[in-house]
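One line per chain: the protein sequences are P and V, in this order. In terms of my numbering, the first sequence opens at residue 1 and continues consecutively. In terms of my numbering, the second sequence opens at residue 122 and continues consecutively. No residue lacks a Cβ here, since even glycine has one placed at the ideal position from N, Cα and C.
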Amino acid sequence: MTRPRRPGRDDDPDRLYTLTGGRSRSDSDAFDLVTLVVSECEPTPGMQSEHATILRMCQLPTAVVEISAALGLPVSIVRIMLSDLLDTGRISARHPRTARVADRLPDPDILEQVLVGLRNL
Amino acid sequence: MDSATSDRAALQATADNGLKIVVVGGFGVGKTTMVRSVSEIRPLNTEETMTRAGEAVDHLDGVQSKTSTTVAFDFGRISLDERSVLYLFGAPGQERFWFLWDRLFSGTLGAVVLVDTRRLADSWYAIDRLEHHGTPFIVACNDFGGPLHTEQQIREALALSDDVPLVECDARDRSSSKYVLITLVEYLHALSQRGAGARSGALDTAPSAAARTGLAPAKTPEPTP
């Protein structure tokens, strides 16, 4: 690694690898930016601090992207940690019902709900 | 870290469906301003790191190749009802962020292309990408107090097809930004009721995209998977 480094968090890429046990990509792309995460248990002593923070902040549903912003970590890193928590049953995930429908427009019923919500703002 | 989480407004326990709308546009056009004006939370910022070893991810002449790129983006949130939460993303419209679009736009309802009428060319790339993705969008002209253009002038400058809604707005104003979002969702609703016709509508815009590309400066080649 001889290339010049930018200031900021790029100074310490090792830290991100430590957080994810050395992995740089998630096994599953299950977590959308707006997948809502809910804790299924309390943090336990000795738990990785980021995991404990996620469990605390997801006592009510919290989107992946909000977890990422609160932790100050890239979304891709957060996805890996969430996969670990999901695999061990410590969180559950509420995936968007409109995701991954590449060639189709959203259901008219959902759009009508969105319109009602927006008009009530 | 706890301080970062303590001031955020929590969602209801019943929330189970996250929805996305993306606001795209050139630098300084008011994306974050629009997100802020309608969001129920202070806009948050985060970043996505894309790592693609061995692929020609960047086309930065004179910069040695690298395999990881980080892009920051803003977002806000609107709770629509007890189950649905709408997230608004302010996405960088610049060409070098093309790789971010796929992920941001996957599953998105639609997009608002926010334009500054003094710098219409800044929007060409964003509109090209949306047409390429088949992502439905509307165009909103943020009022910067510049010279007035007729709708027809703006449509011609953007090579915008007649069925794409074009609205004026003040991104600082909550009701104006809300109106922009409602216009988008009404348009999506009309498209979805037209059913299969919506897809051919997207294809109809292809010639206009070609016309715009002809005007634009040299483009980064489409990445191959």
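Is there a Cβ from chain V that is less than 7 Å from the Cβ of residue 111(P)? yes
Environment of residue 166(V) [buried if 16+ CB atoms lie within 10 Å]: exposed
Euclidean distance between Cα positions of residue 132(V) and residue 150(V): 30 Å
Can you tell me whether residue 108(P) is helix, strand or coil according to DSSP? helix
Under a three-way DSSP split, which group does residue 82(P) fall into? helix
Could you give the first and the last residue of the continuous beta strand (DSSP E) run that contains residue 289(V)? 287-290
With a CB to CB cut of under 8 Å and the five nearest residues on each side skipped, what residues in its chain are close to residue 51(P)? 43, 81, 84, 85, 90
Environment of residue 116(P) [buried if 16+ CB atoms lie within 10 Å]: exposed
Contacts of residue 247(V) in chain P (Cβ-Cβ under 8 Å): By Cβ distance, chain P contributes nothing, its closest Cβ being about 19 Å from residue 247(V), past 8 Å.
Can you find a CB in chain V that lies within less than 7 Å of the CB of residue 115(P)? yes
Three or more C-beta pairs closer than 8 Å, one from the segment 278-296 of chain V and one from the segment 248-263 of chain V: is that the case here? yes
Strictly under 7 Å for the Cβ-Cβ distance: is residue 290(V) near chain P by that measure? no
For a minimum of 4 consecutive residues, which ranges assigned as the alpha helix (DSSP H) are wholly contained in the segment 215-279 of chain V? 219-226, 245-254, 272-279
Work out the CA separation of residue 191(V) and residue 60(P) for me, nearest whole Å. 29 Å
Grouping DSSP H, G and I as helix and E and B as strand, with all else coil, what is residue 33(P)? coil
Secondary structure at residue 73(P), three-state DSSP: helix, strand or coil? coil
Does the beta-carbon of residue 300(V), which I'm using as the reference point, lie nearer than 6 Å to any heavy atom of the ligand PLP? Annotation note on the ligand PLP: not contained in the displayed structure, which lists no ligands.
Mind checking which residues open and close the alpha helix (DSSP H) that includes residue 54(P)? 49-57
Between residue 299(V) and residue 48(P), what straight-line distance do the alpha-carbon atoms span, to the nearest angstrom? 41 Å
How about residue 164(V) and residue 202(V): do their beta carbons lie closer than 7 Å? no
Taking only three categories from DSSP, how would you classify residue 95(V)? Residue 95(V) cannot be examined here, being either before or after the span of chain V that is shown, 122 to 346.
Roughly how many whole angstroms lie between the Cα atoms of residue 92(P) and residue 39(P)? 6 Å
Residue 69(P): contacting residues in chain V (beta-carbon distance under 7 Å): 165, 166, 167
Do you know offhand how far residue 76(P)'s Cα is from residue 57(P)'s? 18 Å
Check the Cβ-Cβ distances between residue 215(V) and every residue of chain P, and say whether any is below 7 Å. no
Chain-ordered residues of the segment 74-87 of chain P with a beta carbon less than 9 Å from chain V: 74, 75, 76, 77, 78
Can you pull out the residues from the segment 49-66 of chain P whose beta carbon lies closer than 9 Å to at least one beta carbon of chain V? 49, 50, 53, 56, 57, 59, 60, 61, 62, 63, 64, 65, 66
In chain P, what lies closer than 9 Å to residue 252(V) by C-beta? Residues of chain P passing the Cβ test: none, with the nearest at roughly 14 Å.
Assigned secondary structure, residue 67(V) (DSSP; H/G/I helix, E/B strand, else coil): A query on residue 67(V) cannot be resolved here, the shown segment of chain V reaching from 122 to 346 and no further.
Simplified DSSP assignment, three categories, for residue 302(V): helix
Could you give the distance in angstroms between the alpha-carbon of residue 124(P) and the alpha-carbon of residue 282(V)? The question about residue 124(P) has no answer here: the residues shown for chain P are numbered 1 through 121.
Alpha carbon of residue 204(V) to alpha carbon of residue 114(P), nearest angstrom: 11 Å
At which residues does the alpha helix (DSSP H) containing residue 157(V) begin and terminate? 152-159
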